[in-house]
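Student: I am attaching a structure below and will ask some questions about it afterwards.
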Amino acid sequence: MKWHQDGDKDHSAETASRISEIMKKLDEDGVLDRIAREPFVMANRRLVLAVHHNLDYLAFVNSLPKSQKELELKFSQFAGISLFSSKGTPQAVFAAAGAVIRRLKRILVVDFDVHHGNGTQEIFYDNKHVLFFSSHCGDLTYPKSNSKASHIGEGAGEGYNINFPLAEGFNEDDLLYAVNKILLPVATKFDPEVVLVSAGFDAGIDDMGGCNVSSKGFGTVVRKLLCLAGGKMVLALEGGYNLKHLPTHVSHSIRAILGDEDAFFPDYDQTDHRPSESTISMADNLQLKLSPYWDVFVEKPPGPTPEGETPPRPGAVGGDPSGALGSHSSS
Ligand SMILES: [Zn+2]
179 MKWHQDGDKD HSAETASRIS EIMKKLDEDG VLDRIAREPF VMANRRLVLA
229 VHHNLDYLAF VNSLPKSQKE LELKFSQFAG ISLFSSKGTP QAVFAAAGAV
279 IRRLKRILVV DFDVHHGNGT QEIFYDNKHV LFFSSHCGDL TYPKSNSKAS
329 HIGEGAGEGY NINFPLAEGF NEDDLLYAVN KILLPVATKF DPEVVLVSAG
379 FDAGIDDMGG CNVSSKGFGT VVRKLLCLAG GKMVLALEGG YNLKHLPTHV
429 SHSIRAILGD EDAFFPDYDQ TDHRPSESTI SMADNLQLKL SPYWDVFVEK
479 PPGPTPEGET PPRPGAVGGD PSGALGSHSS S
């Protein structure tokens, strides 16, 4: 993935140093000695066309000029074009796609990058074989990006596209509330064969999203996703541009999968947390919107609190890790 390199190596967000710094940290933490490194194949034309339905896109990627100077000339209308495309970008595109594409019937895509997963949403918007969940900062979306909670998919894919916009500056309590209250109940019912994670760490502390998710917070999210698809999960690196924190976020996420209890919050659901009011009301809003498609948001009937138990504070996350699991029926 180091083939994609912004021309300005020292000041760019999209620097190939992201990858080398991550590998250095994984080595330091002893992670590389504990995991198998799978070879990957480059995606071929047939695989890429499985999602990009026309040849124009492929022709465009392949037609990118090979020198930085030619690139800048071709895209002179865009400032900082090398952020998006560099000499090695086409090669990096086919390597990245080849590393994650497989043919399956029920795929869950979880995108916790601070930016909306607009590309993935667009590709699978009318597809019920891919359940897409994007948590993102509501103020940081791309132009024309349909990133609101009301964008729930269309046609056969209606109800299979879930956007959870979060307020600026959100932290792991907000992210984990979204995961517990919306993602896990729906995803458990969907019963994916594999979970693909658009693992962007730019909602981390001191990163470009201005948010405050800690390394352990990311580790906890990843650890929770392991309960799906028998633990079959692919983490594909997306954002994360703070070279001090990114390697630690990645290392914690991998170590959380390996079960290192200092890499996530093992007792997260048994302790009290304070997501923001806007996160709580967004979850309520989404439960209403998704109820016609997913019968998993059944409220527990009001009744006396069993002796010795404290009633939960409104909005507190606790108990049932999936938050709101209700009755299950086949659909
Ligand atoms: Zn991002």
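In this note's numbering, the protein residues as written are 179 to 509.
Beta carbons: idealized from backbone N, C-alpha and C, even for Gly.
Remember, it's a predicted structure, so these values are computed and weren't measured experimentally.
(1) With DSSP collapsed to three states, give me the class of residue 345.
(2) Would you grab the beta carbon distance between residue 411 and residue 373 for me? Rounded to a whole angstrom, and I think it's under 8 Å.
(3) Who does residue 431 pair with in a DSSP beta bridge?
(4) For the segment 327 to 344 against the segment 291 to 309, do three or more pairs of beta-carbon atoms, one drawn from each stretch, fall closer than 8 Å, so that the two count as touching?
(5) Alpha carbon to alpha carbon, how far is residue 366 from residue 465?
(6) Would you report the Cα separation of residue 308 and residue 287, rounded to the nearest angstrom?
(7) Can residue 385 be considered in contact with ligand 1, in the sense that its beta carbon sits closer than 6 Å to one or more heavy atoms?
(8) Are residue 439 and residue 378 touching if we call contact CB-CB under 7 Å?
(9) Could you pull out every residue in the same chain whose Cβ sits closer than 6 Å to the Cβ of residue 375, ignoring the five residues on either side in sequence?
(10) Start and end of the alpha helix (DSSP H) containing residue 301?
(11) Please report the Cβ distance between residue 400 and residue 431, rounded to the nearest whole angstrom; I am assuming they are in contact, meaning their Cβ atoms lie under 8 Å.
(12) Tell me, which residues are paired with residue 396 by DSSP?
(13) Quick one: residues in its chain with C-beta nearer than 7 Å to the C-beta of residue 282, no 5 flanking neighbours on either side, listed in chain order?
(14) Relative to the C-alpha of residue 352, which candidate in 296, 316, 339, 405 has its C-alpha closest?
(15) Mind checking who residue 536 pairs with in its DSSP beta bridge?
(16) Tell me, please, whether the segment 438 to 455 touches the segment 293 to 301 by the rule of three or more beta-carbon pairs shorter than 8 Å.
Tutor: Concretely, from the data shown:
(1) Counted from its first residue, the sequence shown places residue 345 at position 167. Here residue 345 sits in coil by DSSP.
(2) In the sequence shown, counting from the first residue as 1, residue 411 sits at position 233. In the sequence shown, counting from the first residue as 1, residue 373 sits at position 195. Residue 373 and residue 411 do touch by the CB rule: their CB atoms are close to 4 Å apart, below 8 Å.
(3) For the purposes of this step, residue 431 is taken as the residue at position 253 of the sequence shown. Residue 431 is not bridged to any residue.
(4) The segment 327 to 344 vs the segment 291 to 309: in contact.
(5) Stepping through the sequence shown from its first residue, residue 366 is reached at position 188. Stepping through the sequence shown from its first residue, residue 465 is reached at position 287. Rounded to the nearest whole angstrom, the C-alpha separation of residue 366 and residue 465 is 15 Å.
(6) The sequence position of residue 308 within the sequence shown is 130, counting from 1. The sequence position of residue 287 within the sequence shown is 109, counting from 1. Taking the straight line from one Cα to the other gives about 7 Å.
(7) Position 207 of the sequence shown, counting from 1, holds the residue named residue 385. Residue 385 Cβ: outside cutoff for every heavy atom of ligand 1.
(8) In the sequence shown, the residue the question calls residue 439 occupies position 261. In the sequence shown, the residue the question calls residue 378 occupies position 200. No, these two residues do not count as a Cβ contact at 7 Å.
(9) For the purposes of this step, residue 375 is taken as residue 197 along the sequence shown, with counting starting at 1. Beyond the five residues adjoining it in sequence on each side, residue 375 comes within less than 6 Å, by CB distance, of 288, 413 in the same chain, given in chain order.
(10) For this step, residue 301 is matched to residue 123 along the sequence shown. Its alpha helix (DSSP H) spans residues 296 to 302.
(11) Residue numbering aside, residue 400 sits at position 222 when the sequence shown is read from its first letter. Residue numbering aside, residue 431 sits at position 253 when the sequence shown is read from its first letter. Between residue 431 and residue 400 the Cβ distance is about 4 Å, and since that is below 8 Å, they are a contact.
(12) Translated into positions along the sequence shown, residue 396 becomes position 218. Beta-bridge pairing links residue 396 to no other residue.
(13) Stepping through the sequence shown from its first residue, residue 282 is reached at position 104. Closer than 7 Å at the Cβ level, and outside the excluded window around residue 282, lie 371, 372.
(14) Looking up residue 352 in the sequence shown gives position 174. Among 296, 316, 339, 405, the Cα nearest to that of residue 352 belongs to 316.
(15) Since the first residue of the chain shown is 179 and the last is 509, residue 536 is not available in this structure.
(16) The segment 438 to 455 is not in contact with the segment 293 to 301.
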